[in-house]
Amino acid sequence: AQSVTQLDSQVPVFEEAPVELRCNYSSSVSVYLFWYVQYPNQGLQLLLKYLSGSTLVKGINGFEAEFNKSQTSFHLRKPSVHISDTAEYFCAVSRPNQGGKLIFGQGTELSVKP
Amino acid sequence: NAGVTQTPKFQVLKTGQSMTLQCAQDMNHNSMYWYRQDPGMGLRLIYYSASEGTTDKGEVPNGYNVSRLNKREFSLRLESAAPSQTSVYFCASSATTGTAANQPQHFGDGTRLSIL
Chain A
932 AQSVTQLDSQ VPVFEEAPVE LRCNYSSSVS VYLFWYVQYP NQGLQLLLKY LSGSTLVKGI
992 NGFEAEFNKS QTSFHLRKPS VHISDTAEYF CAVSRPNQGG KLIFGQGTEL SVKP
Chain B
2 NAGVTQTPKF QVLKTGQSMT LQCAQDMNHN SMYWYRQDPG MGLRLIYYSA SEGTTDKGEV
62 PNGYNVSRLN KREFSLRLES AAPSQTSVYF CASSATTGTA ANQPQHFGDG TRLSIL
């Protein structure tokens, strides 16, 4: 069975500082990896995805993530955060031949302070 | 650009009551999903439908039923609501077909359900 662990439940950071949100997954087969963002009282929006190829993927709003197969990690980074990045972030995986079902991590609440 | 529309947005029920959460998408997607979101637990899949006319259980199906009414609509029914079903429910859709699992999911804004 596969699982997703987000290593930090809350990450406070000052505006314009860099941030890394950590995600590890466990799976014995190849997976597809996603990061979603949820703003208050809204649904989830796709930030970026890794399907294959280059291990560094760029997404919307200046975010990027690096797939590390040997460490089974997919950490999300942004070099300089804004107040508007305050939200909850979810890492998720899916497997081929599984109907597109997503397994989500527990979420990381990013709080950007002025 | 409606995307995925969920109704209602809020609902309060008494234990034992029944209700149906509605979901419709206008993106001509094949696959649709129902999740519940609880604090500290992320989103957990309740049921999904890989195509019109098919439905399958997810991680937490007990106490729920679903209907894929047509390609656009996928409803979630609570037959006898229990306080443990208090949650935020999200519907999602994707262009996933057959064995392809690499299509992102598009989410509605959620239904906030409280059961007293």
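Respectively, the protein sequence lines represent chains A and B.
For the first sequence, counting from 1, position 27 maps to 958 in the working numbering; every step adds exactly one.
For the second sequence, counting from 1, position 55 maps to 56 in the working numbering; every step adds exactly one.
We put the beta carbon where it would ideally sit given N, CA and C, even for glycine.
Remember, it's a predicted structure, so these values are computed and weren't measured experimentally.
Closer than 7 Å at the beta carbon, the chain B residues around residue i
{"i": "GLY974 (chain A)", "result": "PHE91, PHE108, GLY109, ASP110, GLY111"}
{"i": "PHE1035 (chain A)", "result": "GLY43, LEU44"}
{"i": "ALA1005 (chain A)", "result": "Going by the sequence as given, residue 1005 (chain A) is Phe instead of Ala. The contacting residues do not exist; PHE1005 (chain A) stays about 15 Å from chain B at best."}
{"i": "LYS980 (chain A)", "result": "PRO105"}
6 Å CB neighbourhood of residue i in its chain, flanking five on each side removed
{"i": "PHE965 (chain A)", "result": "LYS980, ALA1023"}
{"i": "GLN1029 (chain A)", "result": "none"}
{"i": "GLU74 (chain B)", "result": "ALA25"}
{"i": "GLU1040 (chain A)", "result": "GLN941, GLU1019"}
{"i": "PRO990 (chain A)", "result": "Checking the displayed sequence, the identity of residue 990 (chain A) turns out to be Gly instead of Pro. Answer for GLY990 (chain A): LEU978, LEU979, listed in chain order."}
Where residue i meets chain A, residues with beta-carbon distance less than 7 Å
{"i": "GLN104 (chain B)", "result": "GLY1031"}
{"i": "SER19 (chain B)", "result": "By Cβ distance, chain A contributes nothing, its closest Cβ being about 25 Å from SER19 (chain B), past 7 Å."}
Close beta carbons around residue i, own chain, < 8 Å, minus the five adjacent residues each side
{"i": "LEU14 (chain B)", "result": "MET20, LEU79, ALA82, LEU114, SER115, ILE116, LEU117"}
{"i": "SER1011 (chain A)", "result": "GLU947, ALA948, PRO949, GLY993"}
{"i": "VAL61 (chain B)", "result": "ARG37, ARG45, LEU46, ILE47"}
{"i": "VAL962 (chain A)", "result": "GLN933, TYR956, VAL1024, SER1025, ARG1026"}
Cα-Cα separation between residue i and residue j, rounded to whole angstroms
{"i": "SER959 (chain A)", "j": "LYS1000 (chain A)", "result": "11 Å"}
{"i": "GLU1 (chain B)", "j": "ASN29 (chain B)", "result": "Chain B is shown from 2 up to 117; residue 1 (chain B) falls before or after that span and cannot be answered."}
{"i": "PRO84 (chain B)", "j": "PHE11 (chain B)", "result": "15 Å"}
{"i": "LEU44 (chain B)", "j": "PRO949 (chain A)", "result": "27 Å"}
{"i": "SER1015 (chain A)", "j": "VAL1043 (chain A)", "result": "8 Å"}
{"i": "ARG1003 (chain A)", "j": "GLY984 (chain A)", "result": "Note that residue 1003 (chain A) corresponds to Thr in the displayed sequence, not to Arg. Each residue's Cα considered, the two are about 16 Å apart."}
{"i": "THR1017 (chain A)", "j": "LEU938 (chain A)", "result": "18 Å"}
{"i": "TYR956 (chain A)", "j": "ARG1026 (chain A)", "result": "12 Å"}
{"i": "GLN104 (chain B)", "j": "SER95 (chain B)", "result": "6 Å"}
{"i": "GLU951 (chain A)", "j": "GLN106 (chain B)", "result": "24 Å"}
{"i": "VAL5 (chain B)", "j": "TYR34 (chain B)", "result": "11 Å"}
{"i": "PRO9 (chain B)", "j": "MET42 (chain B)", "result": "23 Å"}
{"i": "GLY1031 (chain A)", "j": "THR55 (chain B)", "result": "14 Å"}
{"i": "ASN71 (chain B)", "j": "GLY59 (chain B)", "result": "20 Å"}
{"i": "GLN973 (chain A)", "j": "TYR90 (chain B)", "result": "11 Å"}
{"i": "SER76 (chain B)", "j": "HIS1013 (chain A)", "result": "38 Å"}
{"i": "THR112 (chain B)", "j": "ARG953 (chain A)", "result": "29 Å"}
{"i": "PHE108 (chain B)", "j": "SER32 (chain B)", "result": "12 Å"}
{"i": "PHE1021 (chain A)", "j": "TYR65 (chain B)", "result": "25 Å"}
Residue i: first and last residue of the uninterrupted beta strand (DSSP E) it sits in
{"i": "GLN969 (chain A)", "result": "963 to 969"}
{"i": "GLU995 (chain A)", "result": "995 to 999"}
{"i": "ALA25 (chain B)", "result": "20 to 26"}
{"i": "SER934 (chain A)", "result": "934 to 937"}
{"i": "ASN66 (chain B)", "result": "65 to 69"}
{"i": "ARG73 (chain B)", "result": "First-last for ARG73 (chain B): undefined, no H or E at that position."}
{"i": "VAL5 (chain B)", "result": "5 to 8"}
{"i": "LYS15 (chain B)", "result": "From DSSP, LYS15 (chain B) is part of no beta strand (DSSP E); its letter is neither H nor E."}
{"i": "LEU979 (chain A)", "result": "975 to 981"}
{"i": "VAL988 (chain A)", "result": "987 to 989"}
DSSP beta-bridge partners of residue i
{"i": "ILE1034 (chain A)", "result": "A:VAL1024"}
{"i": "VAL89 (chain B)", "result": "B:GLN38, B:ARG113"}
{"i": "ASN955 (chain A)", "result": "A:THR936, A:SER1004"}
{"i": "LYS1044 (chain A)", "result": "A:PHE945"}
{"i": "ASP57 (chain B)", "result": "B:TYR49"}
{"i": "HIS107 (chain B)", "result": "B:SER94"}
{"i": "ALA1018 (chain A)", "result": "A:LEU1041"}
Partners in chain B for residue i, counting only beta-carbon separations shorter than 9 Å
{"i": "GLY930 (chain A)", "result": "Summary: the structure shown does not reach residue 930 (chain A), with chain A confined to residues 932 through 1045, and so no result is reported for it."}
Contacts of residue i in chain A (Cβ-Cβ under 8 Å)
{"i": "ASP57 (chain B)", "result": "GLY1030"}
{"i": "ALA97 (chain B)", "result": "According to the sequence as given, residue 97 (chain B) is Thr; it is not Ala. The contacting residues are GLY1030, GLY1031."}
{"i": "GLN115 (chain B)", "result": "Reading the sequence as shown, one finds Ser at residue 115 (chain B) and not Gln. Simply none; closest approach about 15 Å."}
{"i": "SER32 (chain B)", "result": "GLY1030, GLY1031"}
Neighbouring residues, chain A, relative to residue i (Cβ below 9 Å)
{"i": "TYR49 (chain B)", "result": "GLY1030, GLY1031, LYS1032"}
Proximal residues to residue i (C-beta, below 7 Å), its chain only, five neighbours per side dropped
{"i": "PRO1046 (chain A)", "result": "The displayed coordinates of chain A run from 932 to 1045. Any statement about residue 1046 (chain A) would go beyond what the structure contains."}
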